[in-house]
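First comes the structure, then the notes that go with it.
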Amino acid sequence: MADRRSFLGKLGKGAAYSTLALSMPTPLLSHGESSKDLVRKNKVIGIIGAENSHTRGFGKMFNIDKKFPGWEVKYVWGEKEEFAKQAKEEAGIPVIVKDPREMLGHIDALIVDHRHGNMHLEAASPFVLAGIPTFIDKPFCYSSDKAKEFLKMAKKIGTPVTSYSSIAHSYANDNMREQLKEMGNINQVTCYGKADINSVYGGIYFYGVHMVEPLIYLFDEKVVSARVNVNKKDNLNSTASLVFENGMMATLVITSKKYGWQTFVETEQGMVELKSKAKKVDPDKNYVDMVTMFNTGQEPRSHESIVHGIAILEALHKSVTTGKWEPINI
Numbered sequence: 031m032a033d034r035r036s037f038l039g040k041l042g043k044g045a046a047y048s049t050l051a052l053s054m055p056t057p058l059l060s061h062g063e064s065s066k067d068l069v070r071k072n073k074v075i076g077i078i079g080a081e082n083s084h085t086r087g088f089g090k091m092f093n094i095d096k097k098f099p100g101w102e103v104k105y106v107w108g109e110k111e112e113f114a115k116q117a118k119e120e121a122g123i124p125v126i127v128k129d130p131r132e133m134l135g136h137i138d139a140l141i142v143d144h145r146h147g148n149m150h151l152e153a154a155s156p157f158v159l160a161g162i163p164t165f166i167d168k169p170f171c172y173s174s175d176k177a178k179e180f181l182k183m184a185k186k187i188g189t190p191v192t193s194y195s196s197i198a199h200s201y202a203n204d205n206m207r208e209q210l211k212e213m214g215n216i217n218q219v220t221c222y223g224k225a226d227i228n229s230v231y232g233g234i235y236f237y238g239v240h241m242v243e244p245l246i247y248l249f250d251e252k253v254v255s256a257r258v259n260v261n262k263k264d265n266l267n268s269t270a271s272l273v274f275e276n277g278m279m280a281t282l283v284i285t286s287k288k289y290g291w292q293t294f295v296e297t298e299q300g301m302v303e304l305k306s307k308a309k310k311v312d313p314d315k316n317y318v319d320m321v322t323m324f325n326t327g328q329e330p331r332s333h334e335s336i337v338h339g340i341a342i343l344e345a346l347h348k349s350v351t352t353g354k355w356e357p358i359n360i
C-alpha cells in the first residue's frame with residue numbers, strides 16, 4: 031500500500047506536471063539511446079498495474095503469442111516489485127519502471143490495469159493529457175461524476191480512451207443481441223454471475239461489472255433504478271434488481287459456487303437462455319477493438335455508455351448500505 035500511496039501522491043501533483051507532460055518531445059531519448067533507436071519495428075505499449083493476472087495475459091498475447099504483429103508490451107509498472115517481476119518473467123515484458131511517468135515519450139499506447147478501479151483515472155491522467163491512446167481495464171472507476179469529468183477532459187484534448195467488460199464487449203454478446211431482435215418484447219431478464227458485495231477490490235464494482243455491462247450492451251433502454259437485496263446470512267449469494275426506462279426488470283443472481291455467467295429472458299414461449307451461436311475467435315472483440323483504437327483513434331464504445339455502466343454500479347454499491355432503491359444518476 032505504501033507503493034500505491036507514493037504513486038498516487040506523485041500523480042496528484044497535477045496541473046504543473048500535466049503541462050510538462052504535454053510539452054515533452056515524443057519519443058524521448060534515454061541515456062545511451064541513439065537516433066537509430068527512434069526507428070522502431072514495433073509500436074510500444076506500457077502497462078500501469080501488475081497485480082491483476084490480466085497484465086500477464088496482455089504481455090503473453092502481444093509478446094509471446096504475437097496476436098497483433100507490430101505491437102509489443104515493453105514497459106510495466108507494478109504496485110509491488112514482485113508483481114512487476116512476475117509480469118516480466120511470465121509475459122516477456124522487458125522493462126520494469128519505478129515510476130510510471132518514465133514511460134512518457136516512449137510508448138504509443140497505455141493500458142491501466144489496477145485491481146482497484148478507484149486508482150485508474152489518476153494513473154491514466156498524465157498519459158491522456160499527453161495524447162496517449164488509453165485502455166482502462168474494468169471497472170473504469172467508482173464514480174460517475176469522476177467518469178464524466180475525465181472523459182470530458184479526454185474528449186477536449188482529443189485522446190482516445192475506452193473501457194469495458196470483456197464479457198460485454200465480445201462477439202458472443204453481439205450475437206445474443208442479434209438473437210434478441212427475433213424474440214419480440216422482453217419484460218424480464220435474469221442473470222447469474224460471480225460477484226461479491228464485500229470484495230476488498232471495491233465490492234460490487236469488481237465483478238459486478240460483468241453482470242451489468244452485458245445488459246446495457248444487449249438492450250438499448252437505460253437503467254433508471256437499482257437495488258441490492260442483501261442476504262444477511264450469506265452476503266455472497268445476495269441478489270440485485272435493475273429497472274429499465276421501459277419498465278423491463280433484470281434480476282441479478284450473485285452466485286458463489288461456480289465462476290461463470292448465464293442470462294435468461296422471458297418470452298411468449300417462457301424463459302429462454304441466451305446462448306451465443308457465434309464461433310469462438312481468438313483474439314476476441316475486446317482485444318481487437320482495443321488495438322484498433324490504438325491504431326486509428328476510433329473509440330469502440332461511447333463515453334455515455336461508459337458513464338451509464340459506472341452509474342448503475344454506483345447505485346448498487348449505495349443500495350448495499352441503504353437497503354433501498356437507488357436512482358441511476360447520469
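Using this note's numbering, read the sequence shown as starting at 31 and increasing by one per residue.
Each residue gets a CB set at the ideal place from its N, CA and C atoms; glycine is no exception.
Predicted model only: the values in this text are computed from it and were never measured.
Residue i burial status per 10 Å Cβ neighbour count (16 or more: buried)
{"i": "residue 332", "result": "exposed"}
{"i": "residue 300", "result": "exposed"}
{"i": "residue 59", "result": "Confidence at residue 59 is low in this model, with a pLDDT of 37, below 50, so the placement of that residue should be treated as unreliable; the coordinate-derived value is given next. Exposed."}
{"i": "residue 349", "result": "buried"}
{"i": "residue 327", "result": "exposed"}
{"i": "residue 341", "result": "buried"}
{"i": "residue 287", "result": "exposed"}
{"i": "residue 138", "result": "buried"}
{"i": "residue 192", "result": "buried"}
{"i": "residue 293", "result": "buried"}
{"i": "residue 316", "result": "buried"}
{"i": "residue 343", "result": "buried"}
{"i": "residue 353", "result": "exposed"}
{"i": "residue 351", "result": "exposed"}
{"i": "residue 334", "result": "exposed"}
{"i": "residue 44", "result": "For residue 44, the predicted model reports a pLDDT of 36, less than 50, meaning its position is unreliable; a value from the coordinates is still stated below. Exposed, since its Cβ has fewer than 16 Cβ neighbours within 10 Å."}
{"i": "residue 319", "result": "buried"}
{"i": "residue 104", "result": "buried"}
{"i": "residue 238", "result": "buried"}
{"i": "residue 158", "result": "buried"}
{"i": "residue 250", "result": "exposed"}
{"i": "residue 244", "result": "buried"}
{"i": "residue 311", "result": "exposed"}
{"i": "residue 152", "result": "buried"}
C-beta atoms of residue i and residue j nearer than 8 Å
{"i": "residue 135", "j": "residue 170", "result": "no"}
{"i": "residue 149", "j": "residue 313", "result": "no"}
{"i": "residue 101", "j": "residue 72", "result": "yes"}
{"i": "residue 173", "j": "residue 337", "result": "no"}
{"i": "residue 81", "j": "residue 214", "result": "no"}
{"i": "residue 117", "j": "residue 94", "result": "no"}
{"i": "residue 257", "j": "residue 356", "result": "yes"}
{"i": "residue 275", "j": "residue 218", "result": "no"}
{"i": "residue 399", "j": "residue 273", "result": "No statement about residue 399 is possible, as the shown extent of the chain runs from 31 to 360 and does not include it."}
{"i": "residue 131", "j": "residue 163", "result": "no"}
Anticipated Cβ contact below 8 Å, residue i with residue j, distance rounded
{"i": "residue 195", "j": "residue 168", "result": "5 Å"}
{"i": "residue 268", "j": "residue 284", "result": "5 Å"}
{"i": "residue 79", "j": "residue 140", "result": "About 11 Å; that fails the 8 Å criterion."}
{"i": "residue 271", "j": "residue 279", "result": "6 Å"}
{"i": "residue 197", "j": "residue 203", "result": "7 Å"}
Start-to-end residues for the alpha helix (DSSP H) that takes in residue i
{"i": "residue 216", "result": "Note, residue 216: premise wrong, no alpha helix (DSSP H); not H, not E."}
{"i": "residue 315", "result": "315-326"}
{"i": "residue 14", "result": "Shown here, the chain extends from 31 to 360; a query on residue 14 therefore has no answer."}
{"i": "residue 208", "result": "201-210"}
{"i": "residue 241", "result": "234-248"}
{"i": "residue 159", "result": "150-159"}
The beta strand (DSSP E) enclosing residue i, as first and last residue numbers
{"i": "residue 127", "result": "Looking at the DSSP string, residue 127 is not in any beta strand (DSSP E), and its letter there is neither H nor E."}
{"i": "residue 298", "result": "Careful: residue 298 lies outside any beta strand (DSSP E) and carries neither H nor E."}
For this session: May I ask you to verify whether the segment 175-190 touches the segment 218-237, counting CB pairs closer than 8 Å and requiring at least 3?
Result: no
Problem set entry | Cβ pair count under 8 Å reaching 3, the segment 79-91 against the segment 290-305 | no
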